[in-house]
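In what follows, a single structure is set out as structure tokens and then discussed.
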Amino acid sequence: MKIRFFLFILFITVISHSVFPQVQSQKYLKGASITCIVDAGNFLWIATYGQGIYSYDKATDEWSNYSTLEKNGLSDFFFTIAANKDYVWAGAADGLYIYSMKTRRWRKRKFGLGGEMGNWIRALCYDPSQNILWIGRFENLTRLDVRRQRFTDFVLTQGKDAKSDNVKSIRLDGDSLVWFGTESGVFKYKKKMNINNKNAWLYINNKDGGFLDEGNSVSISDMVFDPEKVWFGTDEFISYQNPNFNVGGIYLYNRGHNWERISINNGLPADGIYCLERTGNKIWAGVYYFDKKEKKDYGRGLVLIDRLSYKVTPINLNDINIESSKILCMYFDGMNMWIGTDDGLTKVLISNPLANWPGKKLKPSKIESSKKRRRVKR
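So for the sequence shown, the working numbering puts the first residue at 590; every next one is plus one.
The following block contains the structure:
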């Protein structure tokens with residue numbers, strides 16, 4: 590009898606630890622709206638909308654703030670950030686802000702092409718292999734040769750679709766590709782080819798089988814990659830007047846012209862995607878719902894998606910000490926997941942228990958897919 594009781598207690602103890610693992614997390618920057626997180630050697634650089642720029646020294650665990658309040662910054666409202674050992678670049682609605690590590694001063698650069706809206710910088714991506722900074726603007730794309738300090742502007746407009754020139758996201762894919770997400774599709778650029786060579790570019794929108802031909806348009810909020818697929822996070826932006834404008838969801842492109850979609854029908858809490866990040870076989874997604882009446886987005890938390898089975902697992906934010914359901918950005922440093930919300934930043938230590946995160950497993954219904962061949966657009 591005692592042996593059975595002991596085995597029962599042991600069983601309960603094991604189950605409790607496997608279902609409710611002890612997750613190590615730490616909170617920073619309470620009250621700040623975190624818009625972007627990047628790594629630059631010994632420092633993390635964090636852009637906020639309202640509190641300027643923060644840097645985090647990994648070695649000393651110390652923070653520095655660059656803002657008008659501290660009188661060492663030129664602005665407080667930023668959408669994106671990039672950095673290397675010599676410079677920090679931050680994107681705002683009125684231009685590109687540049688910080689020199691040598692002079693320890695900020696300066697602002699304005700762009701002539703594209704007018705006033707062309708100075709709204711919404712995406713930055715630094716490519717260390719070529720020492721190139723890609724600058725995604727509301728109108729036009731800019732390439733900065735960092736060594737030569739030479740800026741080159743490009744107009745991406747496809748036909749009469751002005752939204753194809755509105756860059757929202759930029760991601761490096763391995764050592765040979767750069768993807769540029771816009772408000773009406775995505776560009777794939779083979780960076781080892783001459784940028785002016787038309788064969789270096791491929792434009793994919795929601796026509797001819799791309800993105801399953803869904804919605805009036807497709808706005809790319811973020812992208813992550815695995816060996817077989819590109820995962821596109823898209824915006825939900827609908828109204829009663831136009832319920833099919835941007836339908837949202839996560840689209841999977843297997844690089845062979847086949848498409849699949851994960852949506853609210855397959856377990857997502859909502860179809861709007863703020864951000865994506867990958868750890869091993871898990872895709873992390875910050876999700877939101879767009880209210881048709883109020884025309885406003887509402888955070889719906891964080892989910893893990895198995896990249897092989899597409900099984901969706903909602904994360905209990907209380908387990909990782911996050912109070913806001915508005916997950917705006919994420920960055921994985923190889924050991925920790927840094928999660929930015931509209932109410933601060935949380936660092937979560939990734940360990941084995943997290944690979945099998947607890948929670949209700951939502952068995953996806955048949956994933957929407959298509960094997961249509963599509964015409965290549967240039």
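Where is the CB? At the ideal position from N, CA and C, for every residue including glycine.
Could you tell me how far apart the beta carbons of K752 and T731 are, in whole angstroms, since I believe they sit closer than 8 Å?
Not a contact, Cβ separation roughly 18 Å.
Drop a sphere of 10 angstroms on the beta-carbon of A648, count the other beta-carbons inside from all chains shown, and report buried for 16 or more, exposed for fewer.
exposed
Let me know the secondary structure DSSP gives I853 once reduced to three states.
helix
How many angstroms separate the CA atom of L951 from the CA atom of V892?
In this prediction, L951 scores a pLDDT of 41, lower than 50, which makes its location untrustworthy; no coordinate-derived value is stated.
Given a cut-off of 8 Å on the beta-carbon distance, is the pair R696 and I687 in contact?
yes
Return the CA-CA distance between L841 and T823, expressed in angstroms with no decimal places.
11 Å
Between D742 and K780, what straight-line distance do the alpha-carbon atoms span, to the nearest angstrom?
16 Å
Extent of the continuous beta strand (DSSP E) run through Q615:
S614 to Y617
DSSP beta-bridge partners for L733?
L722 and F740
Pull up the DSSP beta-bridge partners for F776, would you.
F769 and Y792
Which one or two residues does DSSP pair with S622 in a beta bridge?
Per DSSP, none; premise fails for S622.
Please report how far the alpha carbon of K961 lies from the alpha carbon of F879, in whole angstroms.
The pLDDT assigned to K961 is 39, lower than 50, so where the model puts this residue is not dependable; a value taken from the coordinates is nonetheless given after this. Each residue's alpha carbon lies about 30 Å from the other.
From the DSSP secondary-structure annotation, give me the bridge partner or partners of Y878.
Y887
Return the CA-CA distance between Y887 and D811, expressed in angstroms with no decimal places.
18 Å
Spatial neighbours of F814 within its chain, please: C-beta separation below 6 Å, excluding the five flanking residues on both sides.
D762
Which residues mark the beginning and the end of the beta strand (DSSP E) in which L938 is found?
G933 to L938
What first and last residue would you give for the beta strand (DSSP E) that runs through E651?
E651 to Y655
Is it true that the CB of G725 sits closer than 8 Å to the CB of I670?
no
When the Cα atoms are used, what is the spatial distance from R850 to P816?
18 Å
Is the beta carbon of N729 sitting closer than 8 Å to the one on G703?
yes
Here's a check: name, in chain order, each residue in its chain whose Cβ is nearer than 8 Å to the Cβ of D932, leaving out the five neighbours to either side.
K619, G620, A621, S622, E912, S913 and K915
Just to check my reading of the structure: I710 and G748 have Cβ atoms closer than 8 Å, yes? What is that Cβ distance to the nearest angstrom?
Contact flag wrong, Cβ pair sits at about 25 Å.
Could you please give me the residues that DSSP links to S644 through a beta bridge?
W634 and S653
Which stretch, first to last residue, makes up the beta strand (DSSP E) that contains D824?
V819 to F826
N805: which of S765, D750 and H846 sits nearest, CA to CA?
D750
Is V744 buried or exposed, if buried means 16 or more other CB atoms sit within 10 Å of its CB?
exposed
To which residues of the same chain is R844 closer than 8 Å at the C-beta, ignoring the five residues directly before and after it?
E817, K818 and V819
Which one of I809, Q830 and C625 has the shortest CA to CA distance from K882?
Q830
Selected residue, minimal CA-CA separation from N925, among A679, I939 and T624
I939
Using only CA atoms, which one of N720, N786, I928 and F800 lies nearest to V876?
I928
Excluding the five sequence neighbours on either side, which residues of its own chain have a C-beta within less than 6 Å of the C-beta of M782, listed in chain order?
A789
Could one say the Cβ of L618 lies closer than 8 Å to chain C's Cβ atoms, at least one of them?
Among the protein chains of the structure shown there is no chain C, as only one such chain exists.
Do you know offhand how far I909's Cα is from T930's?
13 Å
Residues sharing a beta bridge with S664, DSSP:
Per DSSP, none; premise fails for S664.
Please go through the same chain and pick out, in chain order, the residues whose beta-carbon is closer than 6 Å to the beta-carbon of Q615, but skip the five residues on each side of it.
K936
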